[in-house]
Amino acid sequence: MFPGEPPCAEVQLPHDEDEPTLIFRRPPASIGGMAMPFESPAPVMASPTRRSTSRLIALSAAAGLGFAAVVGGLVSMQLGAAGFDLRAGSALQPAAAAAAILRSTGVAARVEAKAEAAAPLQVTPATAAPALPAADRADATLDRTAVIPIPDGIITIPASFASADGAYDLVIHFHGVNDVVQAGFDRARLNAVVMIINLGISSGAYETQFSIRSYLPALMAKAQAALEARGLRGARLRRVALSAFSAGYGAVRGLLNQPGFTDKVDAVLLLDGIHTGYMPLDHSLDMERLKPFSRFAELAAAGKKMMSITHSEITPNGDYAGTHESTDALLKLTGAQRSPGAGADEQAIYDLTGEASEAKLRFAPLSEAHRGAFHVRGYPGTQKPDHVRHLTRMAETALPDLVRYWSEPPAQ
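In the numbering used here, each number is its position in the sequence shown, counted from 1, plus 679.
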């Protein structure tokens, strides 16, 4: 799905209408008023993927299977939890096909084995408390076995999350199939709790909802109550990052446009999702629409925040700027300069057709720009599968920037 920049927040872009189920798998929950019962812990739903994961590891060990086969099976199971149809010739949605790229027998093991070399190394946070006996840790009894449903989304606790003293970082990701987003954070090995929000296919829907000042604090209160109910002793929020794919950028814009909210956000990740309109007289970029992002980019360039952007070469079907052109405006404001990308390596990706038989070169950037903690990577591709790849490969593109940034002590 191509993200959209509506003329006003309530308008859905016509070019989004041809993919009503690309990223969003269910109708958004009706919230009505903003009243939410913070005093009661959030309900939980069973997560067969995670229980099956432990069973696969045990069975694989008993059978004497190699590491690559085990990892391949785990990835296949994680991305297959959404129930995608993988039969040859089936009419797959682009997002379903993206989730299917690693599921073929044998191929999954080879791809994941190669991805291991490119995946970010596990980093022990510099802020971690001295080693404690396991029973004394705040997360000693933390229950990670089920996702936590919230209005319009879920909260998930990745296996990489750890907290000796109860402090936790929170990433709020907007837009993307839950299983695919979860798999990305699992591969990145980020030490954080993850909230995933889906509001449909229009950037306007995200911006409208998250321009309401009370909405996100209500969801964050849900996360706090849920972690306490799950057994994280002394749970307390430390840092917050906003992450968005495609149309989800509207939520980030709505939040950063709120007075004082930027001070509460430590990092922003935009995955092929940053747009603005054109001015009617001279067709120049509407910089007012970009202002929430440009302010944050300047803070990141100065090392006060972190911002990571990936973009494609897609030209939108509408009178508004694509992600490449919009990102160029931020580069100009920050003084960051593009340089040629590092190029392809041996890691392989596969066509998003449901048949993982033809290896392609790695999803490598055409260009990169870095200044302070502001990072931009431009990738090839002008088609919808190229756009979806920004979500499925987030663990190898933007998320490592956040892993590195949060491995450092929090800013005082």
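Cβ atoms here follow ideal geometry from the backbone N, Cα and C, with glycine treated the same way.
N- and C-terminal bounds of the beta strand (DSSP E) containing residue i
i	result
Leu1045	No beta strand (DSSP E) contains Leu1045, which DSSP labels as neither H nor E.
Beta bridge counterpart(s) of residue i as assigned by DSSP
i	result
Gly997	Paired residues: none, contrary to the question.
Met985	Ala946
Met874	Ile834, Ile851
Pro1019	Ser1046
Tyr957	Leu964
His990	Gly1057
Ala846	Arg915
For residue i, the first and last residue of its enclosing alpha helix (DSSP H)
i	result
Val1067	1063 to 1071
Phe972	966 to 980
Arg917	From DSSP, Arg917 is part of no alpha helix (DSSP H) but of the beta strand (DSSP E) over 915 to 924.
Phe1053	It is not in any alpha helix (DSSP H) - Phe1053 instead sits in the beta strand (DSSP E) that spans 1053 to 1057.
Val931	928 to 935
Asp865	857 to 867
Glu886	882 to 888
Leu1012	1002 to 1013
Whole-Å CB distance - residue i paired with residue j, under 8 Å assumed
i	j	result
Asp945	Val919	6 Å
Ile875	Gly832	5 Å
Asp848	Ala871	4 Å
Leu964	Ala897	At roughly 34 Å, the Cβ-Cβ gap does not stay under 8 Å, so Leu964 and Ala897 are not in contact.
Ala976	Leu921	At roughly 13 Å, the Cβ-Cβ gap does not stay under 8 Å, so Ala976 and Leu921 are not in contact.
Arg932	Pro971	5 Å
Contacting residues, own chain, Cβ-Cβ under 7 Å from residue i (five flanking each side not counted)
i	result
Ala1077	Leu948, Leu950, Ser987, Thr989
Ala1015	Ala980, Ala1048, His1049, Arg1050, Phe1053, Val1055
Pro1019	Ser1046
Asn857	Ile833, Ile875
Met1073	Gly863, Leu950
Leu978	Lys984
Thr784	Interpretation of Thr784 is limited by its pLDDT of 32, a score under 50 that renders its predicted location unreliable; the figure taken from the coordinates is listed afterwards. Cβ neighbours of Thr784 beyond the five flanking positions: none.
Own chain, CB closer than 8 Å to residue i, minus 5 neighbours either side, in chain order
i	result
Asp998	Gly956, Tyr957
Leu911	Ala817, Asp818, Leu821, Ser842, Gly845, Tyr847
Same chain, Cβ closer than 6 Å to residue i, five either side skipped, listed in chain order
i	result
Ala884	Leu878
Thr994	Gly1001
Gly982	Gly1051, Ala1052
Leu906	Ala914
Val850	Ala871, Val873, Ala920, Ser922
Arg1017	Ser1046, Ala1048
Gln861	Thr835
His852	Val860, Ile875, Ser922
CB contact check: residue i to chain D, cutoff 8 Å
i	result
Val1082	Reference to chain D is not applicable here, since this structure consists of a single protein chain.
If contact is defined by three or more beta carbon pairs under 8 Å, each pair taking one atom from either stretch, is the segment 920 to 930 in contact with the segment 941 to 956? yes
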